[in-house]
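Numbering (the numbering used here), first residue to last: 12 to 81.
Glycine included, C-beta positions come from ideal geometry on N, C-alpha and C.
One structure below.
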């Protein structure tokens, strides 16, 4: 994914692409994203999975790729 404001390219895995695609359609909570990803990738949505997704979302936010909404 190219970030024109920073002039940087970020390589995303399939799960990261799914997160960005999902959020481009509508705002979603971390729980909603985790549930969707768990179903899509046939994974267990446990505490570690939630932490990983939350960390990814924080990283995307820091890069300016997504924005938190209330």
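Buried or exposed: which applies to residue i, given that a residue is buried once 16 or more other Cβ atoms fall within 10 Å of its Cβ?
{"i": "residue 48", "result": "buried"}
{"i": "residue 82", "result": "Look at the range of the chain in this structure, 12 to 81, and you will see that residue 82 is not part of it."}
{"i": "residue 71", "result": "buried"}
{"i": "residue 67", "result": "buried"}
{"i": "residue 44", "result": "buried"}
{"i": "residue 30", "result": "buried"}
{"i": "residue 64", "result": "buried"}
Please name the residue or residues paired with residue i in a DSSP beta bridge.
{"i": "residue 19", "result": "14"}
Using a Cβ-Cβ cutoff of less than 7 angstroms, which residues in the same chain neighbour residue i once the five nearest sequence positions on both sides are dropped?
{"i": "residue 13", "result": "20"}
{"i": "residue 56", "result": "45, 46 and 49"}
{"i": "residue 39", "result": "33"}
Could you tell me whether any Cβ in chain B is nearer than 8 angstroms to the Cβ of residue i?
{"i": "residue 55", "result": "Absent from the structure is chain B; it holds one protein chain and no more."}
Where are the alpha helix (DSSP H) runs, 4 residues long or more, that stay fully inside the stretch 24-62, in chain order? As summarised for the stretch 24-62, the continuous alpha helix (DSSP H) elements at least 4 residues long and confined to that stretch are 25-36 and 41-52, given in chain order.
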